[in-house]
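Take a look at the structure set out below.
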Amino acid sequence: RAGYGYAQEPAYFILGEKELANTDIYSINQGADERLFIATNNGLMEYKHGRFEAIPWADERNRSSLFNINRDQNGDLFCCNFKGQIFKLVGNTLTLYYTLNREYLGPMINFVFDDNNELIIGSALYANLLKGKVLFRPEAKSSYQVNKLPDGRLK
1207 RAGYGYAQEP AYFILGEKEL ANTDIYSINQ GADERLFIAT NNGLMEYKHG RFEAIPWADE
1267 RNRSSLFNIN RDQNGDLFCC NFKGQIFKLV GNTLTLYYTL NREYLGPMIN FVFDDNNELI
1327 IGSALYANLL KGKVLFRPEA KSSYQVNKLP DGRLK
């Protein structure tokens, strides 16, 4: 005698399954405003209304993969690319905020905002270039990571 069982489909879904097909995700950020952003090889995307939507570029010539989503002390969102460009989300558009001089560009770039809301960049050096200060310049061209510790100190 054969027995029959009845079951239902599991109650789950894969977030961004269609919108993120063939997309590499490099950074994820959700701020106090609860907006979810991801930096990808296709630019910056925001999750809203149940799907991921691309954030438009103010200048399409800057289109590139994006990394290292960070927020400043005001909650404004920033990200960067490997060309030394740092972008800021203004309204619903990604705008160029700062371009690191080529002589300071290492194989990677990252940045944080310190407790004074100053932009600190790690690349082939540690710098606060908006104030014109090079904090550390190594002998060999290599990459330097700058991190903000929970107590606010930079490492």
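Numbering-wise (the working numbering), the sequence shown opens with residue 1207 and increments by one. The beta carbon of each residue, even a glycine, is placed where N, CA and C say it ideally should be.
N-terminal and C-terminal residue of the beta strand (DSSP E) that residue i is part of
i	result
methionine 1251	1249 to 1254
tyrosine 1304	1299 to 1305
isoleucine 1315	Isoleucine 1315 -> no beta strand (DSSP E), and no H or E assigned at all.
lysine 1294	1291 to 1296
glycine 1328	1325 to 1328
Rounded straight-line distance, which links the Cα of residue j to that of residue i
i	j	result
asparagine 1228	arginine 1257	16 Å
methionine 1251	asparagine 1274	13 Å
phenylalanine 1317	histidine 1255	30 Å
threonine 1299	arginine 1359	31 Å
asparagine 1280	asparagine 1307	26 Å
threonine 1319	arginine 1277	For clarity, residue 1319 is phenylalanine in the given sequence; the question names threonine instead. About 7 Å.
aspartate 1321	glutamate 1240	22 Å
phenylalanine 1284	phenylalanine 1293	5 Å
alanine 1260	isoleucine 1231	13 Å
leucine 1226	phenylalanine 1243	13 Å
valine 1352	glutamate 1223	33 Å
Presumed contact (8 Å Cβ cut-off) between residue i and residue j, rounded CB distance
i	j	result
glutamine 1236	asparagine 1268	Rounded, the Cβ-Cβ distance is 24 Å, inconsistent with contact.
Coarse secondary structure for residue i, derived from DSSP in three states
i	result
tyrosine 1332	Caution is warranted here: a pLDDT of 49 is assigned to tyrosine 1332, below 50, making its placement in the model unreliable, and the coordinate value is therefore given only provisionally. Strand.
Every unbroken beta strand (DSSP E) inside the region 1235 to 1288 [3 residues or more]: Within the region 1235 to 1288, the beta strand (DSSP E) runs of at least 3 residues that lie entirely inside it are, in chain order, 1242 to 1246, 1249 to 1254, 1257 to 1260, 1273 to 1277 and 1283 to 1286.
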